[in-house]
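Q: Here it is, the structure in full.
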């Protein structure tokens, strides 16, 4: 009898997607023991990985912890800093004072009460984010989300990371090969060898011969060697919804070594796109992502340099800018036969809400948790995986589009086109209609592990001035007294944290010097 | 603001130091650092615990003197009532400073004696002389030097001890709840102690390694010192009763 157990997993590609996936699976399936699964990773020495977005979701803390990584080492080696959410500037009116926060902490008392209707009565005095969460205050002052006595991965205010993707991938490689038992092949894949049933038997390499596997994971980035070139799984473009298809990126040095590090991502709307601004300890990463249908590369570069001039008039004109072409969309399916695509091979969306790495984490987590024991059950797992991730891509696309459709900007065709109904997914249109009468809360999204919980929708909707009308009748859960208590709690919390938290720069310096404790 | 100066026999020729303990001398502190070499002497008087240093976030061992900020239950106008006083208190107003490395020290920074000239212990008329008339070290300064040496060495040893405890996951957070005679509940947080459950389930080679380095003795001193907590509570209750009258 043929033993069709899944014993060997072969990953193609050594960027962050490849190493994260390898680490998650190797840690759970004991790749460093005889009884565990064998994890192989083939990394091409000739291919330069694309550093996908440098922002993560808070989930990354759990992912790193599960892999047995020390957060202190992660900070020291990956040029990492704290991220407490995003600030969106010039997305609503385009005016100088137009900005709102999408923080990572949930609105105060979120499990007990929906504060939206109560906040709406004071909407002229305080922003939604500031009324229900203290995190915007911390971000405005460049404060860290914890103290140096807070243990590794624990938080005072929920946080994610900004990181140097190149260093991160190198760091993961070291951990995966030295601690988790991942077998690393530095070699170029030259061909794919199939079984009769269409499964991949092995990949041929330049120097290491044929490398076999029971399950193959395509982390080869835009090359999509297995899911694209080999299996020809169609790519579903989403450019009709999310127009941006080109990015101009650069690294911006700080004026000096101790300059403040922003503890949030700053996204600033432009005439035909937006500019990201991410603060790492050693530099900022800034880029302009835009629609080539609505503007030219030259004009986009002028806008980017204008933006850079605001903070660095001394060097804005000399900074080297790199152009990247991007293609928003994803594969029709992600798991085909015994091959599953993770990372850019699966698809790409603009880095507006740092969805790239979180999708890698979620993919790796599901593959690892539901890892088929035999080839016989793999098709069932594949079907479930495809359903789940098509749902997830759609939800991310909806959520990204939400940032555009609520704009009041009419100063360029780009913003006008973004609000055209034919560019808005039907599901999102329905939700927006619904939310005109009832603000989103727990039941609006049905999966237990939604990427963007209803709280995120609240922050964007009410940050952008969306109006939900008051019901004609009352509800029991609309408890004005409880709402007042929550607003007061939030403002007390803000005062307390503003007094007790160090700056982002200070804490990162201390972590580098002394380290954080594990307990 | 402390005014730290490197000690020398010209600038500080006539310097005298008040060596007794008094609330006005900055001795009203609810804890002080403690080094492993002192555990044996300190455990009879004070609970020995661990806390994170607010500057570095790193663990340090401490002797506990009180339940509230700046509460030292061992101290009154007549002095410090305990058999043993921790080195970190004894050293005052002296401290260790470092000179940049030289050829003589093979580039290593050299430890030298500093003094806080703003300390209320500083005097020119009362207390112990620091230097002899000819400029030599007084017996008092010699004793201070040996205290500072013990701290310097103790710092390294204690850090190694704590690192080992952390390595074996033998430190756990403890919440100490104290109910006093006036009915008030006091809770001490952000403190850590030995995880006894982990200690008893430690593998044989780990136990051996702890014994070999003398760490097992320190561990038991820390555990035994918790008996001093009842003494501390007694002192606090006495204080409450005396203020009631």
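Protein chains in written order, with our numbering: chain A, 2 to 520; chain B, 257 to 501.
From the three backbone atoms N, C-alpha and C, an ideal C-beta is built for every residue, glycine too.
From a predicted model like this one, the values you see are computed outputs, not experimental measurements.
From the DSSP output, in three-state form, read off residue 92 of chain A for me.
A: If DSSP states are grouped into helix, strand and coil, residue 92 of chain A belongs with coil.
Q: Given this structure, state the Cα-to-Cα distance separating residue 482 of chain B from residue 517 of chain A, to the nearest angstrom.
A: If I take the Cα positions, the gap works out to 27 Å.
Q: Could you name the residues of the same chain whose beta carbon sits closer than 8 Å to that of residue 381 of chain B, not counting the 5 residues immediately before and after it, in chain order?
A: Excluding positions up to five away in sequence, the list reads 272.
Q: Confirm, please, whether the CB-CB distance from residue 214 of chain A to residue 521 of chain A is below 8 Å.
A: Chain A is shown from 2 up to 520; residue 521 of chain A falls before or after that span and cannot be answered.
Q: In chain B, which residues lie less than 7 Å from residue 150 of chain A when you measure between Cβ atoms?
A: Near residue 150 of chain A (Cβ distances below 7 Å), the residues of chain B are 308, 310, 313.
Q: Check the Cβ-Cβ distances between residue 422 of chain B and every residue of chain A, and say whether any is below 8 Å.
A: With 8 Å as the cut-off, residue 422 of chain B counts as an interface residue toward chain A.
Q: Can you have a look at residue 70 of chain A and say buried or exposed, based on whether 16 or more other CB atoms are within 10 angstroms of its CB?
A: So residue 70 of chain A counts as buried.
Q: Applying a beta-carbon distance threshold of less than 9 Å, which residues of chain B neighbour residue 511 of chain A?
A: Chain B residues near residue 511 of chain A: 311, 312, 313.
Q: Would you say residue 450 of chain B faces chain A, with C-beta separation under 8 Å as the test?
A: So, not an interface residue.
Q: Between residue 427 of chain B and chain A, is any beta-carbon pair separated by less than 8 Å?
A: Residue 427 of chain B counts as touching chain A.
Q: With a threshold of 8 Å between beta-carbons, can residue 236 of chain A be considered close to chain B, or not?
A: Judged by the 8 Å Cβ criterion, residue 236 of chain A is not in contact with chain B.
Q: Below 8 Å on the Cβ atoms is my guess for residue 118 of chain A versus residue 490 of chain A; work out the distance and round it to an integer in Å.
A: Wrong, their Cβ atoms sit about 18 Å apart, outside the cutoff.
Q: Would you list the one or two residues that DSSP bridges to residue 289 of chain B?
A: Note: residue 289 of chain B sits in a beta bridge opposite B:318.
Q: Which residue wins for smallest C-alpha separation from residue 513 of chain A, given the options A:204, A:352, A:81?
A: Cα-wise, what sits closest to residue 513 of chain A is A:81.
Q: So which of B:346, B:386, B:348, B:496 has the shortest CA-CA distance to residue 440 of chain B?
A: Of the listed residues, the one whose Cα sits closest to residue 440 of chain B is B:496.
Q: According to DSSP, simplified to helix, strand and coil, what is residue 62 of chain A?
A: Of the three classes helix, strand and coil, the one that applies to residue 62 of chain A here is helix, per DSSP.
Q: Can you find the residues in the same chain that come closer than 8 Å, C-beta to C-beta, to residue 426 of chain A, ignoring five residues on each side of it along the sequence?
A: The answer, listed in chain order, is 242, 395, 398, 399, 402.
Q: For residue 135 of chain A, which of helix, strand or coil comes out of DSSP?
A: Coil at residue 135 of chain A, not helix or strand.
Q: Give the DSSP bridge partners of residue 353 of chain B, in chain order.
A: Looking at the DSSP assignment, residue 353 of chain B forms a beta bridge with B:368.
Q: Check whether the Cβ of residue 497 of chain A lies closer than 8 Å to any Cβ atom in chain B.
A: No, no contact with chain B.
Q: Between the beta-carbon of residue 188 of chain A and the beta-carbon of residue 340 of chain A, is there less than 8 Å?
A: Contact flag unset, no.
Q: Could you pull out every unbroken beta strand (DSSP E) segment of at least 3 residues lying fully inside the segment 97 to 121 of chain A, listed in chain order?
A: Correct list: 100 to 104.
Q: Just how far apart, CA to CA, sit residue 250 of chain A and residue 350 of chain A?
A: If I take the Cα positions, the gap works out to 16 Å.
Q: Within the segment 298 to 334 of chain A, note down every full beta strand (DSSP E) run reaching 3 residues or more, in order along the chain.
A: Complete beta strand (DSSP E) runs here, min 3: 323 to 326, 330 to 332.
Q: Output yes or no for whether 8 Å exceeds the beta carbon distance between residue 422 of chain A and residue 414 of chain A.
A: Cβ distance not < 8 Å, so residue 422 of chain A and residue 414 of chain A don't count as in contact.
Q: So, is residue 195 of chain A buried or exposed, given that buried needs 16 or more other C-beta atoms within 10 angstroms?
A: With fewer than 16 Cβ atoms within 10 Å of its Cβ, residue 195 of chain A is classed as exposed.
Q: Look at the Cβ atom of residue 340 of chain B, then the Cβ atom of residue 301 of chain B, and state whether they are nearer than 8 Å.
A: Yes, they are a contact pair.
Q: What are the boundary residues of the alpha helix (DSSP H) that includes residue 487 of chain A?
A: Element bounds for residue 487 of chain A: 481 to 501.
Q: Name the residues in the segment 129 to 150 of chain A whose C-beta lies less than 8 Å from a C-beta of chain B; which are they?
A: Taking 8 Å as the Cβ-Cβ cut-off against chain B, the residues of the segment 129 to 150 of chain A that qualify are 148, 149, 150.
Q: Do residue 286 of chain A and residue 252 of chain A come within 8 Å of each other at the CB atom, strictly closer than that value?
A: Yes, the Cβ-Cβ distance between residue 252 of chain A and residue 286 of chain A is below 8 Å.
Q: For the segment 379 to 415 of chain A, which segments carrying the alpha helix (DSSP H) assignment without a break, of at least 4 residues, lie completely within its bounds, in sequence order?
A: Counting only runs of 4 or more, we get 379 to 406.
Q: Does the beta carbon of residue 242 of chain A come closer than 8 Å to any beta carbon on chain B?
A: Residue 242 of chain A does not count as touching chain B.
Q: With 7 Å as the C-beta to C-beta threshold (strictly closer), list the residues of the segment 57 to 78 of chain A near chain B in chain order.
A: Flagged: no residues at all.
Q: Can we say the segment 298 to 318 of chain B touches the segment 260 to 276 of chain B, given the rule of at least three CB pairs closer than 8 Å?
A: With a cut-off of 8 Å, the segment 260 to 276 of chain B and the segment 298 to 318 of chain B do not count as touching, because too few Cβ pairs lie within range.
Q: Please name the residues in the segment 420 to 452 of chain A whose beta-carbon is closer than 8 Å to at least one beta-carbon of chain B, in chain order.
A: Taking 8 Å as the Cβ-Cβ cut-off against chain B, none of the residues of the segment 420 to 452 of chain A qualify.
Q: Spell out whether any CB of chain B is found under 8 Å from the CB atom of residue 518 of chain A.
A: It does: the Cβ of residue 518 of chain A has a partner Cβ on chain B nearer than 8 Å.
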